[in-house]
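*Asks:* Here it is: the structure, laid out below.
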Amino acid sequence: MKHIAIEAIHHGLTGRKRGITETTVDQLAESIALDGLLNPITVRETEPGTYRLLAGRHRLEACRRLGWSDIPAIIKSSVGDTELDGLHDELTEVDENLIRKDLDGTQESVHARERKRIVSAIAARRKVIEAE
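Below you can see the structure in the form of structure tokens.
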């Protein structure tokens, strides 16, 4: 885990699965102000000093609103294959959303199908890499 500048983090995944909920951000900001950030965000370094957010959008926004300049983050390492990295990034986001308690049945179903698609794509990509 490392502290990284909030300004260096962007929301790079296309077609984000969920937007932010203002009430959630407000509640998190209040909690973080009282107890600190209990769980770091998850990012992937895209260029030296630049990061793509994978998990923790509400936490990031809450810390930004609190005036933080940096935030604790888990930085995912590359597996050495851009396509496989991208699939793992998508899986991280989907899993983060599936764990949340406020998904309705339709959202949960969409995320579960997306997770199944990503896991299948990861398995297929690994087979291609092993065959090379």
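Using this note's numbering, you'd call the opening residue of the sequence shown number 2 and step up by one each time. From the three backbone atoms N, C-alpha and C, an ideal C-beta is built for every residue, glycine too.
From V111, T24, H59 and N40, pick the residue whose C-alpha is nearest to that of P73; which is it?
*Replies:* With distances taken between Cα atoms, P73 lies closest to N40.
*Asks:* Under three-state DSSP, which class holds I21?
*Replies:* Coil.
*Asks:* If you draw a straight line from the C-alpha of L55 to the C-alpha of I130, how long is it?
*Replies:* If I take the Cα positions, the gap works out to 24 Å.
*Asks:* In angstroms with no decimal places, state the Cα-to-Cα distance between C64 and D103.
*Replies:* Computed Cα separation, rounded: 21 Å.
*Asks:* Out of L35, T25, E84 and I42, which has the shortest C-alpha to C-alpha gap to D75?
*Replies:* The question names Asp, but residue 75 is Ile in the sequence shown. Nearest of L35, T25, E84 and I42 to I75, Cα basis: I42.
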